[in-house]
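All you need for our numbering is the position in the sequence shown, starting with 1, plus 299. C-beta: ideal position from N, C-alpha, C; glycine also. On a predicted model such as this, the values are computed, not experimentally measured, just so you know.
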Amino acid sequence: MSIWTRMYRWLDLRMDISGVWRATFLHPVPIDVNWWYVLGSATLTAFIVQVVTGVALAFAYVPSTEHAYSSLDFITRQAFLGSVVRGLHFWGATAMVVLILAHMGRVFLFGSFKFPREVSWLTGSLLLLLVLAMAFTGQLLRWDQDSFWGIVVLAEQFGKTPIIGGVLAQLTIAGQQVGGATLTRFFATHVFLIPAGIFLLIGVHLYLVVHRGISDPPQPDSVVVPNVELERYERVLATRGVPFFPDVAWRDFAASAALVLAVLLLSVAVGPPAMRTEANPTIVNTNPRPDWYFLSYFALLSLIPPEVENWVILGVPIAIGVFLFAVPLVANRGQRHWSKRPWAVAAVGVGLLAGAVLTVAGDRAPWAPNIDAVQHGALPPSVTAGLDTQQSAGATLFVRRGCWACHTVQGTGGLAGPDLTFVGDRLTSDQLTTRVLNGGRNMPAFASTLTPREVDELVAFLRTLKTKR
300 MSIWTRMYRW LDLRMDISGV WRATFLHPVP IDVNWWYVLG SATLTAFIVQ
350 VVTGVALAFA YVPSTEHAYS SLDFITRQAF LGSVVRGLHF WGATAMVVLI
400 LAHMGRVFLF GSFKFPREVS WLTGSLLLLL VLAMAFTGQL LRWDQDSFWG
450 IVVLAEQFGK TPIIGGVLAQ LTIAGQQVGG ATLTRFFATH VFLIPAGIFL
500 LIGVHLYLVV HRGISDPPQP DSVVVPNVEL ERYERVLATR GVPFFPDVAW
550 RDFAASAALV LAVLLLSVAV GPPAMRTEAN PTIVNTNPRP DWYFLSYFAL
600 LSLIPPEVEN WVILGVPIAI GVFLFAVPLV ANRGQRHWSK RPWAVAAVGV
650 GLLAGAVLTV AGDRAPWAPN IDAVQHGALP PSVTAGLDTQ QSAGATLFVR
700 RGCWACHTVQ GTGGLAGPDL TFVGDRLTSD QLTTRVLNGG RNMPAFASTL
750 TPREVDELVA FLRTLKTKR
């Protein structure tokens, strides 16, 4: 008997390694479990990628307002494989968000949240919220303009909570204003608090999966009756059960390997997100936006009327929470197959469609001024050619005063306001003067900021924007 065998037997007698192996990997599962069931293990693999790459990043990242941005820039540009590691972390986060949403969608459509797996759904719902929280706090650690103003917006939203809003806002920013203490708090939350909660919930979730078993794929006649469901499942395992390893586990291993390979390829080919402007609270002319997985919420808040904003800020999270935690309690019996649950299919379909539409809208952000156009662009030559002195001065004002950030001229500029490519055909000089002085919906009035001469110059330029010049 080799020394390794003796060592294993010594540990096995004291730690029951073989018993843990049998319970975890050799427990029976329904033979018809298919590829839809790999989403959970793939999500776990994505989390492991996040832990490994997060630890690597923490060796070089400095959580202070003076060095956070520069340390991340060092990781990206100078550290050995730093760009790849940061890319792995970013694309791993993207994969984790997508996979956990897909996994919960599969569980919901398959009716796998019904008796006796209600607690599995509840722990999964908590994991979803923690994953989203980890994704949000992670993007704040970049300490760029998006991060800084994202914290400000979050604190303002928490501040609108009745009764405890002020306390929540102060807890968010660790004081009265965003600063070093704020960044340290989010770093600790992202690196220690949230991962600890995820580790704990994963342990509970996996225990429940092993203890209560993987739900068999639903059939059109699948009906959950709590009094007999456990006996029915035992019969399924007795007649159509196979060991999880290797009969089913090979799919999980294959999916996890494919995930790691895909994340690695994206990290090398695409890389991490570009470094944006470093956080500077004195620069208010900026257009901050969150990472893609929060663009839908960003778009929703931007598109709704201001008078209902507070209700949406409070109502949407509450509605999502009620849905997640009420579903297994009020619908834990009855039909499982998606064809017999049209409302479940409709809910998933509407959710996907709304999320996709709002995400695209959030990416385009037509309501936001195009600051880059003003800071780095120039009006097309076809617009400025042939202008006299007054009209040319008006064109300069059009850019310098930020009009171009909100209005499009010949396909360039912003989308927040009306297209002015042919505004000279639509409005007279008097109408343009009135609009410039008094403003309009979402347009500021310039009566107090422009001199009469500047108004005349701006109007003279706008009158040149016609179909035929």
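With a cutoff of 9 Å on beta-carbon distance, Phe-760 and Ala-664 are scored as not near each other. Contact between the stretch 531–539 and the stretch 509–517 is established, with three or more Cβ pairs separated by less than 8 Å. Going by DSSP, Val-328 is part of the beta strand (DSSP E) stretching over 327–329. For Pro-542, the uninterrupted beta strand (DSSP E) run begins and ends at 540–542, by DSSP.
Under DSSP, Glu-577 forms a beta bridge with Asp-443.
Gln-690 counts as buried, since at least 16 other C-beta atoms from the protein chains shown sit within 10 angstroms of its C-beta.
The way I'd put it, the stretch 434–448 doesn't touch the stretch 520–530; fewer than three beta-carbon pairs between them come closer than 8 Å. Bridge pairing for Thr-707: Gly-712 [DSSP]. In this structure the stretch 360–380 does not lie against the stretch 537–544, because fewer than three pairs of beta carbons, one per stretch, are closer than 8 Å. With a threshold of 16 other beta carbon atoms within 10 Å, Leu-421 meets it and is buried. With at least 16 other beta carbons inside 10 angstroms of its own, Val-348 counts as buried.
Bridge pairing for Val-523: Gly-633 [DSSP]. DSSP places Gly-339 inside the alpha helix (DSSP H), whose first and last residues are 338–357. Within its own chain, the residues whose Cβ lies closer than 8 Å to the Cβ of His-504, once the five positions on either side in sequence are excluded, are Ser-419, Thr-422, Gly-423 and Leu-426, listed in chain order. Taking the Cα of Leu-560 as reference, the smallest distance to any Cα among His-489, Leu-726 and Trp-390 is reached at Trp-390. Taking every protein chain shown into account, the CB of Trp-703 has 16 or more other CB atoms within 10 angstroms, so this residue is buried. In this chain, the alpha helix (DSSP H) harbouring Leu-599 covers 594–602. Judged by DSSP in its simplified three-state form, Gly-458 adopts helix. By the neighbour-count criterion, in which a residue is buried when 16 or more other Cβ atoms sit within 10 angstroms of its Cβ, His-402 is buried.
As computed with DSSP, Gly-739 is found in a beta bridge with Met-742. Residue nearest to Thr-581 within the set Asn-737, Asp-443 and Val-350 is Asp-443 (criterion: CA-CA distance). At a Cβ-Cβ threshold of 9 Å, Val-490 and Ala-454 do not count as neighbours. Ala-715 is positioned such that its CB atom lies closer than 9 Å to that of Pro-668.
In the displayed model, Trp-320 falls within a helix according to three-state DSSP.
Close CB contacts of Ala-554 within its chain, under the 6 Å cut and outside five residues either way in sequence, are with Val-337 and Ala-341 (chain order). Between Phe-407 and Val-626, the CB-CB gap stays under 9 Å. The stretch 636–649 and the stretch 571–580 do not touch, with fewer than 3 CB-CB distances between them shorter than 8 Å.
Pairing Leu-696 with Leu-764 gives a Cβ-Cβ distance that is not under 9 Å.
Selection Thr-688, Asp-551, Asp-590 and Val-562 evaluated against Asp-755 yields Thr-688 as nearest (Cα-Cα).
For Leu-764, no alpha helix (DSSP H) segment is defined, and its DSSP state is neither H nor E. Segment contact: the stretch 651–658 against the stretch 589–603, three or more CB-CB distances shorter than 8 Å; contact assigned.
Sequence-distant partners of Ile-472 (beyond 5 residues in either direction) whose C-beta falls short of 6 Å from its own C-beta, in its chain, are Ala-454 and Thr-481. Excluding sequence positions up to five before and after Gly-633, its CB lies within less than 7 Å of the CB of Val-522 and Val-523, all in the same chain and listed in chain order. Below 8 Å, too few C-beta pairs join the stretch 453–469 and the stretch 381–398 to call them touching: fewer than three. In the DSSP assignment, Asp-546 falls outside any alpha helix (DSSP H), carrying neither H nor E. Across the set Ala-692, Leu-686, Thr-766 and Asp-662, the C-alpha of Thr-766 shows the shortest separation from the C-alpha of Arg-725.
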